[in-house]
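Enquirer: Note that the protein sequences, when read in sequence, are chains A and B.
Residues in the first sequence are numbered from 3 upward in steps of one, following the working numbering.
Residues in the second sequence are numbered from 10 upward in steps of one, following the working numbering.
Glycine residues also receive a C-beta, built at the ideal position from the N, C-alpha and C atoms.
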Amino acid sequence: MSQSSDVLLDVQDLRTHFYTDAGIARAVDGISFDIKRGECVALVGESGCGKSVTSLSIMRLLAMPPARMPSGKILFKGRDLARLNENEMCSVRGKEIAMIFQEPQSALNPVFTVGDQIAEAFMTHHPQAKAKEAWDKTIEAMRQVGIPDSERRALDYPHQLSGGMKQRICIAMALICGPELIIADEPTTALDVTIQAQILELLRKLQKERHLSLLLITHDLGVVAEMAERTCVMYAGKIIEQSPTADVFRRPLHPYTQGLLRARPGIVGGTKHRLSVIPGMVPAATRFEDNCRFNPRCPLCTQECKDKEPALVDYGDHHRAACWHTKAEGIDAWRVEPIAKEQHA
Amino acid sequence: MMADGTLIAPEIAPLETAPKGYWDLVRGQFFKNRVAAVSVVIILLLFLVAAWAPLIANGKPFVWRQAGITTYPLLRYLVVPTPGASIDYLFNYVLFATITVPIALGFAYFLTRSVAGAFRKKYKRAVGYGLLLAIVPFLFAPKYRLDGSDYPRKVTELDAANGEYAVFPPVGQDPITPTRQILKGPSGDHILGTDKDGRDVFARMIHGARISLSVGFVAEFIAIFVGVVFGALAGYYRGWLDITVMRFIEMVICFPSFFLILTIVAFIEPEKRSIFHIMLVMGITGWTGIARMVRGEFLKLADQDFVQSARALGCSSTRLMFRHILPNAMGPVLVSAAFGVAGAILTESGLSYLGFGAPPPTPTWGEMISQGKEHLEEAWWLIVFPGLSIFVSVTIYNLAGEGLRDAMDPKMRS
Chain A
3 MSQSSDVLLD
13 VQDLRTHFYT
23 DAGIARAVDG
33 ISFDIKRGEC
43 VALVGESGCG
53 KSVTSLSIMR
63 LLAMPPARMP
73 SGKILFKGRD
83 LARLNENEMC
93 SVRGKEIAMI
103 FQEPQSALNP
113 VFTVGDQIAE
123 AFMTHHPQAK
133 AKEAWDKTIE
143 AMRQVGIPDS
153 ERRALDYPHQ
163 LSGGMKQRIC
173 IAMALICGPE
183 LIIADEPTTA
193 LDVTIQAQIL
203 ELLRKLQKER
213 HLSLLLITHD
223 LGVVAEMAER
233 TCVMYAGKII
243 EQSPTADVFR
253 RPLHPYTQGL
263 LRARPGIVGG
273 TKHRLSVIPG
283 MVPAATRFED
293 NCRFNPRCPL
303 CTQECKDKEP
313 ALVDYGDHHR
323 AACWHTKAEG
333 IDAWRVEPIA
343 KEQHA
Chain B
10 MMADGTLIAP
20 EIAPLETAPK
30 GYWDLVRGQF
40 FKNRVAAVSV
50 VIILLLFLVA
60 AWAPLIANGK
70 PFVWRQAGIT
80 TYPLLRYLVV
90 PTPGASIDYL
100 FNYVLFATIT
110 VPIALGFAYF
120 LTRSVAGAFR
130 KKYKRAVGYG
140 LLLAIVPFLF
150 APKYRLDGSD
160 YPRKVTELDA
170 ANGEYAVFPP
180 VGQDPITPTR
190 QILKGPSGDH
200 ILGTDKDGRD
210 VFARMIHGAR
220 ISLSVGFVAE
230 FIAIFVGVVF
240 GALAGYYRGW
250 LDITVMRFIE
260 MVICFPSFFL
270 ILTIVAFIEP
280 EKRSIFHIML
290 VMGITGWTGI
300 ARMVRGEFLK
310 LADQDFVQSA
320 RALGCSSTRL
330 MFRHILPNAM
340 GPVLVSAAFG
350 VAGAILTESG
360 LSYLGFGAPP
370 PTPTWGEMIS
380 QGKEHLEEAW
390 WLIVFPGLSI
400 FVSVTIYNLA
410 GEGLRDAMDP
420 KMRS
């Protein structure tokens, strides 16, 4: 780990629990990671693993109650966001940390023009600014995210724009106050594949130009490989593997990560291969236990896995995984092909 | 890629004829419905009649020339406050505004007709100047009292051969001052007859429109204000605040509001009683339905992504509530307001009929019917015409409300 001054966001042992009628849902249960300046970190995992709750916890956007954060520090430039009050948090949101949401269709207010909404994002943090100045900034921001003819498009309502254009507007809104960290919560999930590539390229270009840090939340491993320098794989509220991105793809250490990589559709070496699946489902967040939470679905599961919780262990090159059976040289947990199993049965 | 390396969204830009905003859609749909469109036109006409009442029906002439002196009694009547008729004073501002604003707008258009983009800004400024001009006559209004001359009778004294003349409004009859023409039927002089004090029924009806229309609007405006605040707080913060507000609303709903209004108004001494008290009481009893509706909309909208995204940009709760959520919740509120105005007009007529309305000489439709019921057999016109105007105005408000409701319903859109 390099100098601490380089670290922009340092999340330590963050826990976010929801107190519901069905019990306590430990959606995020003690995760730690950091993001350096100008770095892109990806948070990957299945639906329901706590990725989005993590991002909302960092922004403190969860309604409390029912959510509670019983422990954890969210150090942003040395300041603990978890201890800030609502007013202080308001001045952080948008100005220092901005967020891009999954569905641009619904992330824009239908009754205002997109220009109004970008300008408002600016005015929120620059209350003394003149309307003219805000409008100029808006047009400039729209131009920077690649919207042609931005003076005219600024007067359009969200429903007049395509999904990709709307996501560009959302990015312009996020960037207009010059934040240092952008949290992108599945920014391309709702878009067409061709538009996805454009949006990712735009994000990467803006990130490089402005030396932004990016927390990319996604379940798309292709996006991760494309964008992120480091990757955290989440499962059931925990980070179970954490490493430089290239390493995750080359040498996945956790059985779950290996399963994820095998479950990607694709053509390998010109031949189609049977899509493999990880059997079972993520357990409900109210039923998480203090053991390896992947154990019901893991091919390597032993009694140890059902009894004790594995810690994140460093296997070299900042590559860490939380599994009782992982070895530094790597193991292939899924060697037994599911197809072979079927034939057997 | 552009020359400076900026990525351009290669998606095809929307067509020039792309649909407009939500309200443009609603407006288009609304005016497709003929009945609703006609209703709105009639409402606007009624409002114009109400605002211009003194210019349409007045016993005072625009110009009066007698014995070599020219006076303008009507102009003085407009700017000198009539005691006990505060609503008239308010409407006279509107009257001047309806004259000065179009003139100001015309000038703005004339001056900027060659500057395409600047028009929007000038347009707003022109409205401002127009409103400012409308206030000027009142600021410099002469402080002396109105003259009480009975011009419609004095007009026979004028000698046309000496160059003496008078210019009267279309209905040259005073709505307030009693005359000796008691209970005359409809005729050339009095189109809709006269009442028991010899006042022209048509003139009184035109002036009565001021009360009836403004009561509906002001009462409903107060109701919307109170309802939106309570509903927004309950729907946004939820929890104990929501429970408290909703139980309070249930209590308020349990009051029979008409009798509550009667009781409260009855406690105000008749000399002190003014139409504003009635508006206020009607407003603070009529907000519950709107509050419930706004609460429901807020419960639904507060979970929407755009609210979350506005919060992620650092908007405070107040800003979220009133700038981001409220505009999205106003549709149903406007529909219910249209029906509410109709209800308020009826309530006011009922109060006036029972003698708890605006204090006497002020003409209102309900009060006219109330007086007319004593002469039902000999003077049918006293009841029929004000009754018709109540019926028509309530009906068109309901039709307009229905049209608005249909226009906002996406399932009705063709």
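1. Under 6 Å Cβ to Cβ from residue 48 of chain B, same chain only, skipping five residues before and after it: list those, please.
2. Does residue 20 of chain B come out as helix, strand or coil in the three-state DSSP assignment?
3. In this structure, does DSSP put residue 320 of chain A in helix, strand or coil?
4. In angstroms with no decimal places, state the Cα-to-Cα distance between residue 267 of chain A and residue 90 of chain A.
5. Starting from residue 184 of chain A and walking both ways along the beta strand (DSSP E), at which residues does that stretch end?
6. For chain A, is any of its Cβ atoms less than 7 Å away from the one on residue 416 of chain B?
7. Given a threshold of 16 other Cβ atoms within 10 Å of its Cβ, counted over all protein chains shown, does residue 278 of chain B qualify as buried or as exposed?
8. Specify the secondary structure class of residue 286 of chain B as computed by DSSP and reduced to three states.
9. Threshold first: 4 residues or longer. Then list the alpha helix (DSSP H) segments lying entirely within the stretch 339-414 of chain B, N to C.
10. Let me check understanding here. Comparing Cα to Cα, which of A:186, A:70, A:29 lies closest to residue 85 of chain A?
11. If you draw a straight line from the C-alpha of residue 53 of chain B to the C-alpha of residue 398 of chain B, how long is it?
12. Taking only the alpha-carbon atoms, compute the straight-line gap between residue 73 of chain B and residue 272 of chain B and give it to the nearest angstrom.
13. Check whether chain B comes within 7 Å of residue 117 of chain A, counting only Cβ atoms and requiring the distance to be less than that.
14. With DSSP run on the structure shown, which of helix, strand or coil describes residue 28 of chain A?
15. Compare the Cα-Cα distances from residue 239 of chain A to each of A:284, A:131, A:157 and report the closest residue.
16. Could you tell me the alpha carbon to alpha carbon distance between residue 12 of chain A and residue 32 of chain A, rounded to whole angstroms?
17. By the 10 Å Cβ neighbour count, where 16 or more other Cβ atoms means buried, how is residue 296 of chain B classified, buried or exposed?
18. Note down, in chain order, every chain A residue with its Cβ under 7 Å from the Cβ of residue 439 of chain B.
19. Run through DSSP, which three-state label would residue 61 of chain B get?
20. Anyone know if the C-beta pair for residue 282 of chain B and residue 368 of chain B falls short of 7 Å?
21. Name, in chain order, the residues that DSSP records as bridge partners for residue 21 of chain A.
22. Could you work out which residues of chain B lie near residue 105 of chain A, taking near to mean beta carbons separated by less than 9 Å?
23. Thinking just about the alpha-carbon of each residue, which of A:30, A:155, A:185, A:177 is nearest to the one in residue 101 of chain A?
24. So, is residue 65 of chain A buried or exposed, given that buried needs 16 or more other C-beta atoms within 10 angstroms?
25. Give the range of the alpha helix (DSSP H) segment to which residue 248 of chain B is assigned.
26. Tell me, please, whether the CB atom of residue 215 of chain A is closer than 7 Å to any CB atom in chain B?
27. Name the chain A residues that come within less than 8 Å of residue 333 of chain B, Cβ to Cβ?
28. In chain order, what residues of the same chain have a beta carbon less than 7 Å from the beta carbon of residue 342 of chain A, not counting five sequence neighbours either side?
29. Go through the stretch 145-217 of chain A residue by residue and report every complete run of the beta strand (DSSP E) that reaches 3 residues or more, in order.
30. Just to confirm the assignment, what range does the alpha helix (DSSP H) spanning residue 305 of chain B have?
31. Can you give me the start and stop residues for the beta strand (DSSP E) that residue 243 of chain A sits inside?
32. Kindly indicate the opening and closing residues of the alpha helix (DSSP H) around residue 81 of chain B.
33. Which of the three DSSP states is assigned to residue 278 of chain A in this structure?
Expert: Put simply:
1. 405, 408, 409
2. With a pLDDT of only 49 at residue 20 of chain B, under 50, the local geometry of the prediction cannot be trusted, and the value read off the model is given with reservation. Reduced to three states, the DSSP call for residue 20 of chain B is coil.
3. coil
4. 45 Å
5. 183-187
6. no
7. exposed
8. helix
9. 374-381
10. A:70
11. 15 Å
12. 47 Å
13. no
14. strand
15. A:284
16. 13 Å
17. buried
18. Residue numbering for chain B in the displayed model covers 10 to 423; residue 439 of chain B lies beyond these limits and cannot be assessed.
19. coil
20. yes
21. A:26
22. 314
23. A:185
24. exposed
25. 248-263
26. no
27. 111
28. Per-residue confidence for residue 342 of chain A stands at a pLDDT of 41, beneath the threshold of 50, marking its modelled position as unreliable; no derived number is given.
29. 183-187
30. 297-310
31. 240-246
32. No alpha helix (DSSP H) contains residue 81 of chain B, which DSSP labels as neither H nor E.
33. coil
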